[in-house]
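Here's the structure, in structure tokens; my notes come after.
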Amino acid sequence: MSDKIDARGLSCPQPVVLTQKAIKDGKSNFEILVDTEVSRENVLRCLEKNNFNAAVSEDGDIFIIKASKK
Amino acid sequence: MRNYLSTRWGIIFTGAVIGVIAVTLQKLGNPANMGICVACFERDMAGSLGLHRAEVVQYMRPEIAGLVLGSFLVALVKKEYQPRGGSSTIIRFFLGVFAMIGALVFLGCPWRALLRFSGGDWNAIAGLLGLAIGIAIGVAFLKNGYNLGRSYKLKKSAGWVFPAFMAALVIMVALNFRVSETGPLFFSEKGPGSQHAPLIISIIAGIIIGILAQRSRFCTMGSIRDIILAKDFHLASGVIALVISAFVFNFLYGQFKPGFEGQPIAHTAHIWNFAGMVLAGLAFALAGGCPGRQLILSGEGDSDAAVFVMGMIVGAGISHNFMLASSPAGVGAFGPAAVAIGLIFCLIIGFTMREKVS
Chain E
2 MSDKIDARGL SCPQPVVLTQ KAIKDGKSNF EILVDTEVSR ENVLRCLEKN NFNAAVSEDG
62 DIFIIKASKK
Chain W
10 MRNYLSTRWG IIFTGAVIGV IAVTLQKLGN PANMGICVAC FERDMAGSLG LHRAEVVQYM
70 RPEIAGLVLG SFLVALVKKE YQPRGGSSTI IRFFLGVFAM IGALVFLGCP WRALLRFSGG
130 DWNAIAGLLG LAIGIAIGVA FLKNGYNLGR SYKLKKSAGW VFPAFMAALV IMVALNFRVS
190 ETGPLFFSEK GPGSQHAPLI ISIIAGIIIG ILAQRSRFCT MGSIRDIILA KDFHLASGVI
250 ALVISAFVFN FLYGQFKPGF EGQPIAHTAH IWNFAGMVLA GLAFALAGGC PGRQLILSGE
310 GDSDAAVFVM GMIVGAGISH NFMLASSPAG VGAFGPAAVA IGLIFCLIIG FTMREKVS
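Each protein sequence line maps, in turn, to chains E and W. If you're matching positions, the first sequence starts at 2 in the working numbering and goes up one per residue. If you're matching positions, the second sequence starts at 10 in the working numbering and goes up one per residue.
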């Protein structure tokens, strides 16, 4: 069971702050929900920088980003 | 489809284009080192609407509307138009008010700070340092759980109200709308407000920048914030590109005039150049975007960003009516007091709008 971070409706840079926090807390598998293209790009860039793999799926207007440590 | 403008080269391209367009607008008539200044131009708009009576800074700047409309159009096409709002709206309004008060103590938004620097106005250095410090304080709040809360999806009309308002203003200025000698609209006959590039060029310039900035997510506040918060230099590369291209074109146009004294629409009170931008930087950081970025977001349907912009426009009225704004002669009578009040306001917001960090 992976952790879930709900960053929907949060404005820049909250989704990235929450992602960073998850990484800092030592989580190696987690899911982030965002609802804007900008947040998706920012979170993906943050994951990339921190050596995480990311897989994005879409559910309506929501992007589900699955992050796992490389 | 891949968004090329959101790549590293895309943001560099955007910054460079903003630099070129801005200094070219100066060549074509906009005030010196003010090719595009979101704070100054919103202040001129406030004057044009009669929200303040500083006669030298009244013009309905079409660049501002262009930015919003460019973003609106491209967001629609790219399916990124999302009407949303409801995230601590009243706080965002007052962050806008105080952001403008701080920016007008310095005399410019971050974009103009960069343009002033590229034009050789070294007074901008104190402002840019202040901006960085203000943003650093904002980042400290962000790291401690500061958050204005979620926004929610809204109905379509919530998203187009602001772009429609901007379109209406452009139509009014295009028709040279003046009911009588006493306005509205008001247009300066002398001073910075009377200096402007041809209307159609200003609109097109604004739309081009609006489109590029929407696609690339260009943000000056974000550039400094991301360096401090995440050692991420993505947005910063766009800002550096802006400075370099503006410098090169200023040089080519013969607009580069290095020094501290006698710089256009600037003053040499370094402490207040610095402090004004600390306030502005902190307010931008707490609100999540520089003034330019807030215009772009409001075009995408973000009504919270639109409220921040309205806060800035009202803040400009307050700044001039209450003698807070600086002028080339120096700092306004109550500018320093207003900066202090603004900082206290922002600190209270930063400390109180927090979610528990577990």
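We put the beta carbon where it would ideally sit given N, CA and C, even for glycine.
Buried or exposed (CB count within 10 angstroms, at least 16 for buried), P267(W): Burial is judged here by how many other beta carbons sit within 10 angstroms of a residue's own beta carbon; P267(W) has fewer than 16 and is exposed.
At 7 Å on the CB atoms, spell out the chain W contacts of R41(E), in chain order. Chain-ordered listing is empty here: chain W has no CB closer than 7 Å to the CB of R41(E), the nearest sitting near 10 Å.
Name, please, each residue of chain E whose Cβ falls closer than 7 Å to the Cβ of H243(W). Taking the beta carbon of H243(W) as reference, the chain E residues within 7 Å of it are R46, listed in sequence order.
Sort G341(W), A25(W) and L14(W) by Cα distance to V257(W) and report the nearest one. The option with the nearest alpha carbon to V257(W) is A25(W).
Please determine if the segment 230 to 242 of chain W and the segment 139 to 149 of chain W are in contact, where contact requires at least 3 C-beta pairs separated by less than 8 Å. Yes: the two stretches touch, three or more of their Cβ pairs being nearer than 8 Å.
What's the C-alpha gap between S15(W) and A346(W)? Rounded to whole angstroms, S15(W) to A346(W) spans 41 Å at the Cα level.
Quick check on DSSP: helix, strand or coil for L113(W)? Three-state result, L113(W): helix.
The segment 51 to 70 of chain W in contact with the segment 195 to 214 of chain W per 3-pair CB rule at 8 Å: Contact between the segment 51 to 70 of chain W and the segment 195 to 214 of chain W is present, because at least three Cβ pairs lie under 8 Å.
By the 10 Å Cβ neighbour count, where 16 or more other Cβ atoms means buried, how is D241(W) classified, buried or exposed? Result: buried.
Coil, strand or helix - F360(W) by DSSP: DSSP places F360(W) in helix when its eight states are reduced to three.
Quick one: grab the DSSP three-state call for S189(W). In the structure shown, S189(W) sits in a strand (DSSP, three-state: E or B).
Element boundaries [alpha helix (DSSP H), containing L37(W)]: Judged by DSSP secondary structure, L37(W) falls outside any alpha helix (DSSP H); it is assigned neither H nor E.
Could you name the residues of chain E that L238(W) contacts, counting a contact when the two beta carbons are closer than 9 Å? Residues of chain E passing the Cβ test: P14, V17, V18 and Q21.
Runs of 4 residues minimum, wholly inside the segment 153 to 201 of chain W: which ones carry the alpha helix (DSSP H) assignment? Within the segment 153 to 201 of chain W, the complete alpha helix (DSSP H) runs of at least 4 residues are 165 to 183.
Three or more C-beta pairs below 8 Å linking the segment 215 to 229 of chain W and the segment 14 to 23 of chain E: Taking a contact to require three or more Cβ pairs closer than 8 Å, the segment 215 to 229 of chain W and the segment 14 to 23 of chain E do not qualify as touching.
Within this structure, are the beta carbons of G19(W) and S312(W) separated by less than 7 Å? Cβ distance not < 7 Å, so G19(W) and S312(W) don't count as in contact.
Hey, could you find the ends of the beta strand (DSSP E) K67(E) is sitting in? Element bounds for K67(E): I63 to K70.
Any idea which residues DSSP pairs F53(E) with across the strands? Bridge partners of F53(E): K70(E).
At the 7 Å Cβ level, is S15(W) part of the contact set with chain E, yes or no? Yes, S15(W) lies at the interface with chain E (some Cβ there is under 7 Å from its Cβ).
If contact means a Cβ-Cβ distance below 9 Å, which residues of the segment 292 to 309 of chain W contact chain E? So the close ones are A296, G297, G298, R302, L306 and E309.
Chain E within 7 Å of S367(W), Cβ atoms only: Caution is warranted here: a pLDDT of 49 is assigned to S367(W), below 50, making its placement in the model unreliable, and the coordinate value is therefore given only provisionally. Output row for S367(W): interface = no.
Under 7 Å, Cβ to Cβ, is there at least one residue of chain W near E38(E)? Among the residues facing chain W, E38(E) is included, as its CB has a counterpart in that chain under 7 Å away.
Three-way DSSP call (helix, strand, coil) for G128(W) in this model: Of the three classes helix, strand and coil, the one that applies to G128(W) here is coil, per DSSP.
Output needed in chain order: residues of the segment 96 to 117 of chain W with a Cβ under 8 Å from some Cβ in chain E. Answer set for the segment 96 to 117 of chain W: S96.
Is it buried or exposed for P300(W), if we count other Cβ within 10 angstroms and need 16 for buried? Residue burial is scored here from C-beta neighbours: P300(W) has at least 16 other C-beta atoms within 10 angstroms and is therefore classed as buried.
Under the assumption that L34(W) contacts A206(W) (Cβ atoms under 8 Å), give the Cβ distance between them as a whole number of angstroms. L34(W) to A206(W), Cβ: 5 Å. Contact.
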